[in-house]
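FYI, the numbering for the sequence shown is -10 to 256, going by my numbering. We put the CB at the ideal spot given by N, CA and C, even for glycine. Quantities reported herein were computed from a predicted structural model and do not represent experimental measurements. Since the structure comes first, as structure tokens, the remarks are kept for the end.
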Amino acid sequence: MDVANEPAGARVAEAAAVGEHSPAAAADACVFLEAIAGEGVPPRYLVRVIRAGTSLNGVHYPREVLREAAPLFDGVRVFAKSDGAHIKGDADAKDFRALIGRLAQPRFVEAGPGEVQAVLDVLESSDVAPKLREAVSRGMTDLFGLSIDATGASRKSGRLREATRLTRIDSVDLIIEPGAGGGVIRFAEAAPTPKEHDTMLREQMLKFIEARDANRATALADASDEAVLSAYREAVQAATPAAQPTPAGVSADDVDARIRMVEARAQ
């Protein structure tokens, strides 16, 4: 997008969705607005708030920036907004009638490119609650997504703008076209899918490795599942049974199943 410098503290609106261009903030401060122009189930959802990498609006979010910012999402309000209102950062859009809930238990998930996940607690009385429940029940969460409205610092990096720090999360908005991978994953009380189980197991293995060699764990952040498993097995073999137990939550059956899965992929 075209970038023009303005005084520190100015807002930048990511308007790729609607074909508009708004002034960008100075390199030391900007606002990130990421959008491209079942009955009986508790209204709690596991959501992906934002994924590391380059958004569809040309803002790059490094893993380390999102990892540091993850605690800022705790208790953040979630609103249902039009994409246009979200892009403009319209304060009037923060209407009590548009409030649908808040985020809790945010954490940075290391697997893959890395992402901030949280639990979205939805107000059952909101107009959105039945539609959201139906969409998740029917596997239609690709129809919408979540996008952040956050203040932070950034710098120009070639044709892109790179976030160097997020300092405040003003809201997370439910919109139609999210720009940085935000979306609903599943009901929070539902059992994880096999893919999610693999992801959690990978994280536990990396934590086990990190406890013994932090540099090795860092180097494996973007490595393949096979490389992580190989490093994990080396760490286990180097550990004595008494001093170095298997990571909490990772049973021998889990490891055996993971090994069989990796070997099957190799075949």
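DSSP-derived helix/strand/coil call for residue i
i, result
"residue 231", "For residue 231, the predicted model reports a pLDDT of 45, less than 50, meaning its position is unreliable and no value from the coordinates is stated."
"residue 112", "coil"
"residue 14", "At residue 14, the pLDDT of 40 sits below 50, so the modelled position is not reliable and the matter cannot be decided from this model."
"residue 165", "coil"
"residue 99", "coil"
"residue 44", "coil"
"residue 213", "coil"
"residue 159", "strand"
"residue 150", "strand"
Exposed unless 16 or more other CB atoms sit within 10 angstroms - verdict on residue i
i, result
"residue 99", "buried"
"residue 160", "buried"
"residue 70", "buried"
"residue 131", "exposed"
"residue 180", "At residue 180, the pLDDT of 49 sits below 50, so the modelled position is not reliable and the matter cannot be decided from this model."
"residue 143", "buried"
"residue 203", "exposed"
"residue 122", "buried"
"residue 229", "Caution is warranted here: a pLDDT of 46 is assigned to residue 229, below 50, making its placement in the model unreliable, and no coordinate value can be reported."
"residue 208", "exposed"
Continuous alpha helix (DSSP H) stretch holding residue i: start and end
i, result
"residue 55", "52 to 58"
"residue 208", "203 to 208"
"residue 87", "First-last for residue 87: undefined, no H or E at that position."
"residue 127", "It is not in any alpha helix (DSSP H) - residue 127 carries neither H nor E in the DSSP assignment."
Delimiting residues of the beta strand (DSSP E) encompassing residue i
i, result
"residue 143", "134 to 146"
"residue 35", "33 to 40"
"residue 173", "172 to 176"
"residue 67", "66 to 69"
Reference residue i, options the options, closest by Cα
i, options, result
"residue 46", "199, 92, 175 and 166", "166"
"residue 33", "222, 54, 126 and 101", "126"
"residue 84", "51, 101 and 115", "115"
"residue 118", "190, 199, 67 and 148", "67"
"residue 109", "88, 220 and 142", "88"
"residue 227", "213, 201 and 206", "201"
"residue 170", "135, 145, 121 and 48", "135"
"residue 195", "149, 219 and 174", "219"
"residue 49", "190, 147, 211 and 124", "147"
"residue 158", "58, 37 and 51", "58"
"residue 164", "155, 145, 206 and 138", "138"
"residue 96", "44, 56, 124 and 190", "56"
Short CB-CB distance (under 8 Å) between residue i and chain C
i, result
"residue 88", "Going by chain labels, chain C is absent from the structure shown, which holds only one protein chain."
(message) Could you check whether the stretch 95 to 112 touches the stretch 55 to 71, counting it as contact only if at least three pairs of C-beta atoms, one from each stretch, sit closer than 8 Å?
(response) yes
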